[in-house]
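Mapped onto full-length UniProt numbering, the consecutive letters of the sequence shown carry residue numbers 1 to 120.
Heads up, the beta-carbon is just placed ideally off N, CA and C, and yes, glycines get one too.
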Amino acid sequence: MLRKVDKHSGVPAYVQIVNMIKSEIILGNLQQGLQLPTVRELQAIFDVNINTVLKALEKLKAEGFIEAEQGIGYFVKKDIDVDKKIIEIIKECVRELKSHQIDFYTAMILFEEVWKNEEV
Numbered sequence: 001m002l003r004k005v006d007k008h009s010g011v012p013a014y015v016q017i018v019n020m021i022k023s024e025i026i027l028g029n030l031q032q033g034l035q036l037p038t039v040r041e042l043q044a045i046f047d048v049n050i051n052t053v054l055k056a057l058e059k060l061k062a063e064g065f066i067e068a069e070q071g072i073g074y075f076v077k078k079d080i081d082v083d084k085k086i087i088e089i090i091k092e093c094v095r096e097l098k099s100h101q102i103d104f105y106t107a108m109i110l111f112e113e114v115w116k117n118e119e120v
């Protein structure tokens with residue numbers, strides 16, 4: 001769900017926008033090939049400066065999540081593929097953490113530590 005950025009979170013607004021759009025794409029809420037709202041519409045949705053929106057869109061484009069068509073707009077790339085099995089694994093992990101009363105911030109700390117220390 002796209003919503004206003006939290007101007008008091010300490011996270012730069014453009015990063016919040018990138019994360020919101022990226023998660024909507026990964027979860028399938030923004031379908032591949034879909035045209036995103038216009039830059040002005042995104043500016044209104046996120047309640048930020050237009051340059052902040054443009055910075056976020058350029059970052060998403062650089063990361064391969066969206067593409068731009070000159071004079072037309074921004075579109076969700078068609079070749080993004082996140083294995084649905086991975087999303088189910090994450091959901092199960094979240095259910096397990098919640099059943100043990102592990103809050104979000106503790107889970108993120110645990111995830112970060114395991115991520116840094118786990119060899120593949």
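### Query
Near Lys61, which residues of its chain fall below 7 Å by C-beta distance, leaving aside the five closest residues on each side in sequence?
Glu67, Ala68
### Message
Between the alpha carbons of Asn117 and Leu110, how many angstroms are there, rounded?
### Response
11 Å
### Query
Which one of Gln31, Gly10, Val5, Arg3 has the shortest CA to CA distance from Asp81?
Gln31
### Message
List, from N- to C-terminal side, the alpha helix (DSSP H) runs of 4 residues or more that fit wholly inside the UniProt domain "HTH gntR-type" (11-79).
### Response
13-26, 39-46, 50-62
### Task
Return the chain-ordered list of same chain residues with a C-beta closer than 8 Å to the C-beta of Lys22, the five sequence neighbours on each side being excluded.
Leu60, Glu63, Phe65
### Message
Applying the 10 Å Cβ sphere with the 16-neighbour rule, what's the burial state of Thr38?
### Response
exposed
#### Entry: Pick from Glu113, Gly33, Leu97 that is closest to Lys78, judged by C-alpha positions
Gly33
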